[in-house]
Structure formats: structure tokens, C-alpha cells
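Residue numbers (my numbering): 72 to 243.
Positions of the beta carbon are idealized from the N, C-alpha and C atoms, including for glycine.
For clarity, every value in this text was computed on a predicted model and none was experimentally measured.
A quick write-up on the structure given underneath.
Written as C-alpha cells, this is what we have:
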């Protein structure tokens, strides 16, 4: 939750936090997956947007929500159906995500919302948000990375062997 008083409004605070996340991921080339309640999401035929500028910033930086890639376009914060949100005026939005960098976007095998059932004996679910689950096949990406590392290793070995074989011959 944004700290009160640092930004003009909640949307500005969310956008600032999104910039920080995107910058941190860009600084670490091994960052490929981001997940959680990001309080931002798209507009689709089934959900309303939440902080659309923040969601667009994720998209502009190569991140994509994996649920739509798996064919799941439902709300994760569902004002129309979640009893915990009754009477609060909450809309249906998709703000809980598994965001993937572009190198994993073709690897989504399946996805679903979780914790849809009410707590036994009660008329409410376990949370005001539904969980999300995504299955990703990383074998192709792992093989690609291994191939890159193998090529780099061979280049280093070749350079090391040249260095061991003595000084370079004099040119013409």
C-alpha cells in the first residue's frame, strides 16, 4: 500500500511503485517472473481496468500477464460475486497476476483462478482476492540458456588455449 502524502493520489503512487519494480527487474537480467497483487490490470470484456497506466508500463517493459495467455480472462478481485466485497461498490478487476518476461510468454501451458469455493460452513471465500496459478514449460528456455552458456564456454576455452600456446606471431 502506498505511503500517504508522498503522491497526489493512489494511482500516482501505484505508478511510481510500478516504475520501481520495472527498473529493478531491468537491472537484473535473470528476472523473468513477477507475481502478486499488483493493484493494476487491463480492461477486457469481463473486467474493468485498475490503474491502467501502471499496467501499460508493465506491458511497455516486456511483461505480460500469464492468465490471459492461458485463456483465463476472469476477475481476481470480483465485486459482483465475492461475498467479502458485498456492499463495498467494488468492481470486477484482474489485479492479481503472474507477469512473464517476453522470453517465457510462449511457454504458458495452463492457468486458473484458485480458492473460488466458500469456507466450509460459511458463506464467504477465504479472501477478497482469488488466487492465480500458472503452469509454465521452461524446458525450451532452459535449453536455449544452456546453449548460450555452452557457446560462451567454448569461446573462453578457445581463447585460453590460444593464450597458452604462446605469443601471437608477428604480422607482416
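Three-state secondary structure assigned by DSSP to residue i
i, result
"residue 92", "helix"
"residue 176", "helix"
"residue 181", "strand"
"residue 171", "strand"
Short Cβ contact (7 Å threshold) for residue i with residue j
i, j, result
"residue 202", "residue 164", "no"
"residue 115", "residue 144", "yes"
"residue 173", "residue 208", "no"
"residue 93", "residue 137", "no"
Spatially closest choice to residue i from the options, by CA coordinates
i, options, result
"residue 247", "204, 227, 132", "Because the chain in this structure spans residues 72 to 243, residue 247 falls outside the shown range and cannot be described."
"residue 176", "125, 134, 166, 190", "134"
Residue environment, residue i, which counts as buried when at least 16 other CB atoms sit within 10 Å
i, result
"residue 98", "exposed"
"residue 122", "buried"
"residue 81", "exposed"
"residue 182", "buried"
*asked:* Give the list of continuous beta strand (DSSP E) stretches no shorter than 3 residues that lie fully inside the stretch 79–155.
replied: 104–108, 134–136
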